[in-house]
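Here this note's numbering is used: position 68 in the sequence shown is 101, and no number is missing along the way.
All C-beta atoms, glycine included, are put in the ideal place defined by N, C-alpha and C.
Presented below is the structure to which this report refers.
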Amino acid sequence: MTAQLWPSISGSTLRVPWNKPLDIDVSDKSDENMSHSKAYFCLKVGLMWMEQQNVKFSAIQLILTRHHRDITAQKKLSVFKQKFITDYIKYDTK
Numbered sequence: 034m035t036a037q038l039w040p041s042i043s044g045s046t047l048r049v050p051w052n053k054p055l056d057i058d059v060s061d062k063s064d065e066n067m068s069h070s071k072a073y074f075c076l077k078v079g080l081m082w083m084e085q086q087n088v089k090f091s092a093i094q095l096i097l098t099r100h101h102r103d104i105t106a107q108k109k110l111s112v113f114k115q116k117f118i119t120d121y122i123k124y125d126t127k
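The following block contains the structure:
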């Protein structure tokens, strides 16, 4: 049995067989973190998709997604901020 999903982001239909198991890893991996750059890109693409859906999302949902995207952009830029040499040295105050 095959199901059709549409409309997809690319605009074409996608055929997914129901009887074939999908190899998806849903385990929580605490040691793997998403970078700020990847998070920003995902939010940017997701926001563009949400805006194309016209009626399905409220203005508040779009505003919150934009806000999350902006915060991620700020964190992405703060990674490139130069650190002082004293940031790497631990002082013993005892």
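The C-alpha of K89 lies about 32 Å from the C-alpha of L110. With respect to the 8 Å criterion, K114 and H69 are not classified as neighbours on the basis of their beta carbons. In the structure shown, S91 adopts coil according to DSSP, grouped into three states.
DSSP, reduced to helix, strand and coil, places K109 within a helical segment of the structure shown. Cβ-Cβ distances below 8 Å link K77 to R102 in the same chain, with the five nearest sequence neighbours on each side left out; the list follows chain order.
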